[in-house]
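A quick write-up on the structure given underneath.
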Amino acid sequence: MTDFPVARPGLPYRIFLAWLKRAAKGHDGLPMPDYLTPESLAALRRMTGMPSFPQGLSALQTKAWRTLYIPCGDHVRPARLYRPRGEVTGVILFLHGGGFVHCDLVSHHGMCCRLARHAGAMVLSLDYRLAPEHPYPAAVEDGWAALKWLDQQAGMRDLPIAVCGDSAGGNLAAVLARRAGVEGMRRVVAQLLYYPTVSGLWSPPSRAVYAEGFMLTARLLNWYGRQYIRRDRDMLDPDFAPVFADDLSAAPPAMIVTAGFDPLRGEGELYATLLREAGVRVRLVCCAKAIHGFLNFYAVVVEGRRALRLGGAYLRAQFARYRKAQ
1 MTDFPVARPG
11 LPYRIFLAWL
21 KRAAKGHDGL
31 PMPDYLTPES
41 LAALRRMTGM
51 PSFPQGLSAL
61 QTKAWRTLYI
71 PCGDHVRPAR
81 LYRPRGEVTG
91 VILFLHGGGF
101 VHCDLVSHHG
111 MCCRLARHAG
121 AMVLSLDYRL
131 APEHPYPAAV
141 EDGWAALKWL
151 DQQAGMRDLP
161 IAVCGDSAGG
171 NLAAVLARRA
181 GVEGMRRVVA
191 QLLYYPTVSG
201 LWSPPSRAVY
211 AEGFMLTARL
221 LNWYGRQYIR
231 RDRDMLDPDF
241 APVFADDLSA
251 APPAMIVTAG
261 FDPLRGEGEL
271 YATLLREAGV
281 RVRLVCCAKA
291 IHGFLNFYAV
301 VVEGRRALRL
311 GGAYLRAQFA
321 RYRKAQ
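Sequential numbering of the sequence shown, starting at 1, is according to the UniProt record's numbering.
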């Protein structure tokens with residue numbers, strides 16, 4: 001069992017948390033509205049849809065990027081395709097975080113640029129449908145459609161594929177990775193999950209230990225859940241809570257990155273254990289001084305840049321393993 005330390009996060013995070021508490025007028029987390037209106041939802045998305053670093057400067061990490069529109073059943077979704085400099089080793093489907101409610105292609109632009117550089121891979125960042133307008137399983141359906149679209153592209157048929165996401169996007173990446181294994185998508189060779197939420201109703205000890213004071217609070221977790229999940233029985237669906245899957249043995253190898261001061265830390269650790277017990281190769285990395293969402297601060301905290309570099313190197317190695325086996 002993990003021993004969660006009673007300590008403090010790193011100095012940059014303490015400064016940020018103090019500023020956030022002041023900006024939120026004494027509350028510990030992001031200022032989420034108790035009752036959503038179209039106006040409050042739009043304001044929330046504007047606030048969280050800002051780039052973490054100037055987009056033009058971030059793009060210098062890549063050779064090029066462009067906007068695409070991906071067919072997802074009876075509709076299309078915007079996406080951004082990033083191409084690295086040099087040889088392309090594979091392609092990554094990236095699902096952004098934001099509690100299934102907010103964030104977008106802009107908010108995670110810089111992360112995708114760095115991931116493309118470090119993995120030497122193309123990155124397809126999907127703007128999946130958001131709750132509460134589109135509750136579960138809309139985001140899963142969009143992600144699955146995008147993964148199948150990637151698998152069928154003639155220009156990418158020789159490239160291995162990985163799925164990646166942070167927080168809620170890590171949930172979607174885990175769900176898609178498991179489904180790809182079950183469906184026999186042999187080119188999906190890895191999953192990279194940053195502080196994922198994967199346990200649905202089950203509450204690990206970390207949710208109690210870090211329930212308040214570290215940006216993502218217990219109250220916020222419940223708020224996000226109410227926006228995304230409308231039926232109680234869906235809380236136990238493996239396409240929302242992968243820890244409840246009957247069989248994880250078909251899932252591809254995984255790298256799971258957790259934050260030391262994060263209520264979701266225990267979920268990532270539990271999922272790593274379950275994957276290992278199913279025979280899946282797993283690398284688990286804990287950024288001990290970080291809080292939830294630290295990738296969004298990569299421009300100012302070393303842990304964010306390090307986690308993107310380690311994740312990219314992991315995917316590059318998995319892609320090389322696939323090519324060697326062909």
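All C-beta atoms in this analysis are idealised placements derived from N, C-alpha and C, irrespective of residue type, glycine included.
Here G10 has K289 as same chain residues with Cβ atoms under 6 Å from its own Cβ, once five neighbours each way along the sequence are excluded. Contact annotation: D234 and Y136 have beta-carbon atoms nearer than 7 Å. Scanning its chain for C-beta atoms nearer than 7 Å, with the 5 sequence neighbours on each side dropped, one finds around T48 the residues G98, H102, C103 and S107, in chain order.
With contacts defined as CB atoms closer than 7 Å, G165 and L95 qualify as a contacting pair. Minimum Cα-Cα distance from L57 among the listed residues A18, V91, R66 and G110 corresponds to G110. Y69 is bridged by DSSP to P78. Beta-carbon to beta-carbon, Y271 and A174 are separated by about 7 Å, close enough to satisfy the 8 Å threshold. Annotation: M122 is outside any alpha helix (DSSP H); the continuous beta strand (DSSP E) that includes it extends over M122 to L126. Contact between L115 and I92 is confirmed by a C-beta separation of about 6 Å, below the 8 Å threshold. Considered as a whole, the stretch 148–189 harbours 168–182 as its complete alpha helix (DSSP H) runs of no fewer than 4 residues, in chain order. Looking at the DSSP output, C286 bridges to T258.
A distance of 7 Å or more separates the beta carbons of I229 and R187. With respect to the 7 Å criterion, Q191 and A119 are not classified as neighbours on the basis of their beta carbons. When the beta-carbon positions are compared, A299 and S40 stay at least 7 Å from each other. For S249, the closest of G181, M122, T37 and K324 by C-alpha to C-alpha distance is G181. In the structure shown, A250 adopts coil according to DSSP, grouped into three states.
Ranked by Cα distance from M185, the first of Y194, D151 and P205 is D151. Setting aside the 5 residues that flank it on each side, A79 is surrounded in the same chain by T67, L68, Y69, I70, L105, L124, S125, L126, D127 and A146, each with a C-beta closer than 8 Å to its C-beta; the list follows chain order.
Counting the other CB atoms within 10 Å of its CB gives L236 a total below 16, which places it among the exposed residues.
Out of P196, F214, E87 and K148, the CA that lies nearest to the CA of A18 is found in F214.
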